[in-house]
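Numbering (full-length UniProt numbering), first residue to last: 1 to 730. Heads up, the beta-carbon is just placed ideally off N, CA and C, and yes, glycines get one too. Accompanying notes for the structure given below.
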Amino acid sequence: MAVTLETPLSRVLGPKTATGMAEQLGLHTVRHLLRHYPRRYARRGEQADLADVQVGDRVTVLAQVRSVTTRPMRNRRGSLTEVVVGDGSGRMKLVFFNHRHASLAVNSWGMFAGTVGEYRGEKQFAHPDMHLLDASDDDTDWARALVPIYPASKDVSSWVIQKSVKLLLGAGGGLGELVEDPLPEEIRARLGLLPLASALLDIHRPTTTEDVERAAHRLKWDEALVLQLTLAARRRAAALEPGTARPRRAGGLLDAVDTALPFALTEGQREVGEELAAELDRDQPMHRLLQGEVGSGKTVVALRAMAQVVDAGGQAALLAPTEVLAAQHARGIRALLGPLGRAGELDGDAAGTRVTLLTGSLKAAAKRQALAEVADGSAGIVIGTHALLQEGVDFADLGLVVVDEQHRFGVEQRDALRAKGSRPPHVLVMTATPIPRTVAMTVYGDLEISTLRQLPSGRGGVTSSVVPVVEKPGWLDRAWERLREEVAAGRQAYVVCPRIGDVTGADDEPEDADGAPPDDDGRSDRRPPLAVLDVAEALRGGPLAGLRLDVLHGRMSPDEKDGVMRAFAAGETDVLVATTVVEVGVDVPNATVMVVMDADRFGVSQLHQLRGRVARGKHAGLCLLVTEAPSGSPTGQRLAAVASTSDGFELARLDLETRREGDVLGAAQSGRRSGIRLLSLLADEELIAQARAEATALLGTDRGLADHPGLAAEVAALASDERAEWLEKA
1 MAVTLETPLS RVLGPKTATG MAEQLGLHTV RHLLRHYPRR YARRGEQADL
51 ADVQVGDRVT VLAQVRSVTT RPMRNRRGSL TEVVVGDGSG RMKLVFFNHR
101 HASLAVNSWG MFAGTVGEYR GEKQFAHPDM HLLDASDDDT DWARALVPIY
151 PASKDVSSWV IQKSVKLLLG AGGGLGELVE DPLPEEIRAR LGLLPLASAL
201 LDIHRPTTTE DVERAAHRLK WDEALVLQLT LAARRRAAAL EPGTARPRRA
251 GGLLDAVDTA LPFALTEGQR EVGEELAAEL DRDQPMHRLL QGEVGSGKTV
301 VALRAMAQVV DAGGQAALLA PTEVLAAQHA RGIRALLGPL GRAGELDGDA
351 AGTRVTLLTG SLKAAAKRQA LAEVADGSAG IVIGTHALLQ EGVDFADLGL
401 VVVDEQHRFG VEQRDALRAK GSRPPHVLVM TATPIPRTVA MTVYGDLEIS
451 TLRQLPSGRG GVTSSVVPVV EKPGWLDRAW ERLREEVAAG RQAYVVCPRI
501 GDVTGADDEP EDADGAPPDD DGRSDRRPPL AVLDVAEALR GGPLAGLRLD
551 VLHGRMSPDE KDGVMRAFAA GETDVLVATT VVEVGVDVPN ATVMVVMDAD
601 RFGVSQLHQL RGRVARGKHA GLCLLVTEAP SGSPTGQRLA AVASTSDGFE
651 LARLDLETRR EGDVLGAAQS GRRSGIRLLS LLADEELIAQ ARAEATALLG
701 TDRGLADHPG LAAEVAALAS DERAEWLEKA
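In structure tokens:
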């Protein structure tokens, strides 16, 4: 049987193995398995992996049997076999119930896989999968210096993957006929890269660490170049689609907005505003990402761009991630425009436009009216949630799409809204999560980037502190006292929790702690995250008794959420106990304190976002990060870093360093679909920049990829089978 890269694994491996690889690891073809690289490499007697594993990890370790003991169990029938294994620096106990393991002889070596547990303070595996290394593991498997350890699953172990890869490689490593190198020879020679067949052989069956490094460098280039080619092709395709110029008009809505603003624009807002105005004046559609620090005034910049488009006869759509934020945008823009935002109403200005809100929870009559205003063009500014993307939402002349909080929307949703224009509209994407340069190049590579760093004058600024409740229990009491002092001075506060609580009789999962890294302190007995409803009740009857408390969470109806936010904004509530529904866009200038409960359950960027909800007025703000994590633990150090700086770009790099990269990119971006397996967005910053330049040069020629069919096929493979979803999150 002739085997190619596209041959299904079911034709090469046994049906059980192929099914397990497909269902549990997403590996379906020979290509997928060859690109399923080892997670690390074990070296007999020299690896320190046992000392590094944490309770709760599912790991594979290479270790030597030190002792085997079998004894009757005390409280039930049967026997207990305890095996101690070590790898030169660490030890771990393996526990088997009612199984004798005569093959586990002292001094024998094996690979053991399972979930790390803990008993009486000692790490252990209970009933691990194992593969003992013996005479059947010949020189090509075991005696070599490095043993590959693969990302595995419960039913497909690392050694099963290892033997399957060996089968594909062939006894002599015969990959030459199987693998066609897609990289142009000129580029490969100029950059000093290994041929693809050699790189694949060395990554799976290396002799030295130098083999691994050279192979990984070549394979990273494949990932980076294909990714950047896909993005560059997207940029070029967008540039070829003619749009409609929306030039600035004197004496129109934009001038009225500038006159109505109760503050002066920052220098950064003016510069970015001019940049957007110039791009809107061209018939080539704008595709721009506007990123900025929390509170830097991105929404005002977007509103001025929307006003310019309305002045030019077009419509602007603002897509917001939540109904709370959409409603707030609508209220704020209507208040700023005044009569100019109520054209057609009794007190409206005929020279203005209408600001229409379209969300999924609108009643039937209100929805019909909103849809009519969108369709006949009387609504110049349309604000909504995912409801804007639905069938039946038709624009008269969509000129600008503004996407707020890009990390909540996929590229497909962005494109769905763009498609509602008769000609491609201009696109402005906003995010308040600062993005390291390489993440921007990789995730937002089809967009030009503008950055706002300067905060508006008159802001009070936020001081952050960690409250380590286990080490200093008195600090939490002081935190509540501090909150009461702010309320007594006429200000307001947030208390944020990672979970909602028991709403319907069955407790819930955390609502939206989407940036939370896994516990990294080795604690196996963590309690459930604190919940809004429980904390609110405890505060009402305890340290915040007598204050006006209310709750806000994602399971409330849109009307309930809107009512709670209106009351809080009006100063009718002292303390809002909420989930991360307040993370994005909520703007109450009088709120000066935020207490984040179980702060260790949130990611770095998310904490920075939350912190941006306070000190949005003239008063100084305080953010208290409450945690049970020890100060010296990785979690404690991460929280201390958040407290020590307000530089969102510095924190974004910290976030990338402390979280799994897949969390940053989104599941679809980091796994098999994306082709990102080895590439590190921080460690490989220079390589990514080089790949971007090479991709731009390749596509800039008259023939593009026509002379490079291998590369064209790799780009096509990335774009097919829903793989374009790798752009889904930031």
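Item                                                                                                                       : Value
DSSP-derived helix/strand/coil call for Lys420                                                                             : coil
Beta-carbon proximity check, residue 731 vs Val65, cutoff 8 Å                                                              : Nothing in the structure corresponds to residue 731, since the chain is present only between 1 and 730.
CA-to-CA distance, Val393 to Arg40, given in whole angstroms                                                               : 51 Å
Own chain partners of Gly314 with C-beta closer than 6 Å, once the 5 adjacent residues on each side are dropped            : Arg246, Asp397, Gly399
Local conformation of Gln609 per DSSP, three classes                                                                       : helix
Status (buried if at least 16 other CB within 10 Å, exposed otherwise) for Ala652                                          : buried
Length of the line joining the Cα atoms of Met130 and Ile500                                                               : 41 Å
Proximity winner among Ala126, Thr244, Leu229, relative to residue 734 (alpha-carbon distances)                            : In the structure displayed, the chain extends from 1 to 730; residue 734 sits before or after that span and is not available.
Cα-Cα separation between Leu552 and Ala545, rounded to whole angstroms                                                     : 19 Å
For Leu625 and Ser644, the rounded distance between their alpha carbons                                                    : 12 Å
Cut-off 6 Å between Cβ atoms - residues of its own chain near Asp211, not counting five sequence neighbours on either side : Asp202
Other residues of its chain near Val3: CB distance less than 7 Å, five sequence neighbours each side excluded              : Val12, Val30, Leu178
Three-state secondary structure (DSSP) of Arg453                                                                           : coil
Rounded straight-line distance, which links the Cα of Leu229 to that of Ala717                                             : 12 Å
Range of the contiguous beta strand (DSSP E) that encloses Glu275                                                          : Per DSSP, Glu275 belongs to no beta strand (DSSP E); it is in the alpha helix (DSSP H), 267-280.
Delimiting residues of the alpha helix (DSSP H) encompassing Val324                                                        : 323-337
Leu261 - DSSP class collapsed to helix/strand/coil                                                                         : coil
Residues bridged to Trp109 [DSSP beta-bridge criterion]                                                                    : Gln64
Range of the contiguous alpha helix (DSSP H) that encloses Leu33                                                           : 30-34
Nearest-angstrom Cβ-Cβ length linking Trp475 and Val462, presumed shorter than 8 Å                                         : 18 Å between Cβ atoms; not a contact.
The stretch 232-242 touching the stretch 281-300, judged by at least three CB pairs closer than 8 Å                        : yes
Whole-angstrom C-beta distance between Ala199 and Ala189, which should lie under 8 Å                                       : The Cβ separation is near 15 Å, so there is no contact.
Of the residues Asp404, Pro38, Leu622, the one placed nearest Lys298, counting alpha carbons only                          : Asp404
Beta-carbon spacing of Leu80, Phe125 below 8 Å                                                                             : no
Inter-residue spacing [alpha-carbon to alpha-carbon] between Ala320 and Leu362                                             : 15 Å
Short CB-CB distance (under 8 Å) between Val309 and chain B                                                                : The displayed structure is made up of one protein chain only, and chain B is not part of it.
Same chain, Cβ closer than 6 Å to Ala567, neighbours up to 5 away in sequence not counted                                  : Thr573
Cα-Cα separation between Ala305 and Glu275, rounded to whole angstroms                                                     : 10 Å
Cβ distance (whole Å) where Leu337 is taken to contact Val156 below 8 Å                                                    : Wrong, their Cβ atoms sit about 59 Å apart, outside the cutoff.
Nearest to residue 768 (by Cα), restricted to the options Ala379, Lys123, Glu23                                            : A question about residue 768 goes unanswered here, because the residues of the chain that appear run from 1 up to 730.
Span of the alpha helix (DSSP H), counted from its first residue to its last, around Phe96                                 : No alpha helix (DSSP H) holds Phe96; the beta strand (DSSP E) holding it covers 91-97.
Backbone CA spacing between Leu8 and Ala706 [nearest angstrom]                                                             : For the record, residue 8 in the displayed sequence is Pro; it is not Leu. Rounded to whole angstroms, Pro8 to Ala706 spans 28 Å at the Cα level.
Spatial distance of Pro151 from Thr115 (CA atoms)                                                                          : 13 Å
Opening and closing residue of the alpha helix (DSSP H) in which Ala305 lies                                               : 298-311
Backbone secondary structure at Gly20 - three-state DSSP                                                                   : helix
Gln47 burial status per 10 Å Cβ neighbour count (16 or more: buried)                                                       : Below a pLDDT of 50, predicted positions are generally treated as unreliable, and Gln47, at 39, falls in that range; the measurement from the model is reported next regardless. Label assigned to Gln47: buried.
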